[in-house]
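K.L.:
Quick one: this structure, given as structure tokens, is what I'll be asking you about.
Next comes the structure, spelled out in structure tokens:
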């Protein structure tokens, strides 16, 4: 006997259920279903009642600063796509909620204005124009009024690592001083342009391996006390590269140091270094082992696990985080399960939670 269940459907003109619960796949694609807002229109800057921004997610679809495999221009979309299950009732664990009583995806728990600005329109034909477009996009966001923060905080979705230079430029200008950077990566990215890029023209010299050299040279980062975490890639010049990295103000916690110091030791070391200073966190997804994150441009074996990276980030709760990015996600090289973009999504989640926690843990 064939059984049929009866369904009481709403009126044909009733869309209330669609409006109230769009589910995982409804609406436009934003990070974790955050509201979308056109942050780049200057006319909204002075609208103090409606268009305040405390934290902004912004994409930077740029990958013409790479030295090996391209594809990171598709990273922002992939990260947002992997974030569809984040937000609302979806939290990582009960312990996570206890550690972070403010849920950034639940507006009833805070007064922050958190939005997804979409991607900055970046030219794929001229790096100089593209990076200037990103700088102007970040600058206009930083000029918005806020509910809580003195200056809006931006999490940038890359894109290759070159884009971090423009984020550092904008945030250092807005807070009026250089920032201290914690740089998670398998590569130092402080290479002298004469070593990586040729040093013949500025156009060819600025790339994803030299941007921290320029950040130091231009005064966007402090002269000492910056940290690399997860370094394991070989130098081009074994003697000069290490010395130049020190001259750029960096200390190194290598991938092997994770085994020696442990996650707790690394957290303690980083928090002692940054104290109450304004901090920028940049996460190159290739800091993770290729088993965890194969979808990236310049893989290096022997990296951090996803759990180690997230535990370190979560352990930095209380630092004065003024900006952050996740870069070098290259979807064309990812698995069918999209595990690299999923890892990047979780990193963004941790960074966002760091930004909504007030006060410095001693």
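Residue numbers (our numbering): 416 to 777.
C-beta: ideal position from N, C-alpha, C; glycine also.
Just to confirm, is the Cβ distance from residue 599 to residue 679 under 8 Å?
P.N.:
no
K.L.:
Work out the CA separation of residue 502 and residue 520 for me, nearest whole Å.
P.N.:
5 Å
K.L.:
Indicate whether the contact test is met: 3 or more Cβ pairs, each with one atom in the region 556-564 and one in the region 637-646, closer than 8 Å.
P.N.:
no
K.L.:
Counting Cβ pairs closer than 8 Å, one from the region 562-577 and one from the region 666-682, do we hit at least three?
P.N.:
no
K.L.:
So residue 364 is in the alpha helix (DSSP H); what residue range does that whole segment cover?
P.N.:
Any question about residue 364 goes unanswered here, given that the chain covers just 416 to 777.
K.L.:
What residues match up with residue 599 in a beta bridge as DSSP calls it?
P.N.:
644 and 698
K.L.:
Within 10 angstroms of its Cβ, does residue 654 collect 16 or more other Cβ (buried), or is it exposed?
P.N.:
exposed
K.L.:
Between residue 642 and residue 580, which are expected to be in contact by the criterion C-beta below 8 Å, what is the C-beta distance as a whole number of angstroms?
P.N.:
Not quite, the Cβ-Cβ distance comes to about 18 Å (not below 8 Å), so this is no contact.
K.L.:
For residue 735, which beta-bridge partners are listed by DSSP?
P.N.:
693
K.L.:
What are the partner residues of residue 542, as DSSP defines its beta bridges?
P.N.:
Looking at the DSSP assignment, residue 542 forms no beta bridge with any residue, so it has no partner.
K.L.:
From the DSSP output, in three-state form, read off residue 651 for me.
P.N.:
coil
K.L.:
Please name the residue in 756, 585 and 657 whose C-alpha comes closest to that of residue 634.
P.N.:
585
K.L.:
Using only the alpha-carbon positions, how far apart do residue 536 and residue 677 sit?
P.N.:
C-alpha separation (whole angstroms): 41 Å.
K.L.:
Can you list, in chain order, the residues of its chain with a C-beta nearer than 6 Å to that of residue 444? Leave out the 5 residues immediately preceding and following it.
P.N.:
495
K.L.:
Tell me whether residue 644 is buried or exposed, calling it buried when 16 or more other Cβ atoms sit within 10 Å of its Cβ.
P.N.:
With 16 or more other Cβ atoms within 10 Å, it is buried.
K.L.:
Considering just the uninterrupted stretch of the alpha helix (DSSP H) at residue 721, what are its terminal residues?
P.N.:
Note, residue 721: alpha helix (DSSP H), 721-730.
K.L.:
Classify residue 688 as helix, strand or coil using the three-state DSSP reduction.
P.N.:
helix
K.L.:
Hey, out of 745, 766, 455 and 751, whose CA is closest to residue 725's CA?
P.N.:
766
K.L.:
According to DSSP, is residue 471 part of a helix, a strand, or is it coil?
P.N.:
strand
K.L.:
Considering residue 579, what are the terminal residues of the alpha helix (DSSP H) in which it resides?
P.N.:
Unbroken alpha helix (DSSP H) run through residue 579: 579-590.
K.L.:
What is the DSSP secondary structure of residue 716, reduced to helix, strand or coil?
P.N.:
coil
K.L.:
With respect to the alpha helix (DSSP H) encompassing residue 626, which residues constitute its N-terminal and C-terminal limits?
P.N.:
626-632
K.L.:
What number of angstroms, rounded off, separates the C-alpha of residue 473 from the C-alpha of residue 423?
P.N.:
Distance between the alpha carbons of residue 473 and residue 423: 42 Å.
K.L.:
Hey, would you say the C-beta of residue 743 is under 7 Å away from at least one heavy atom of the ligand GTP?
P.N.:
This structure lacks the ligand GTP, and indeed carries no ligand of any kind.
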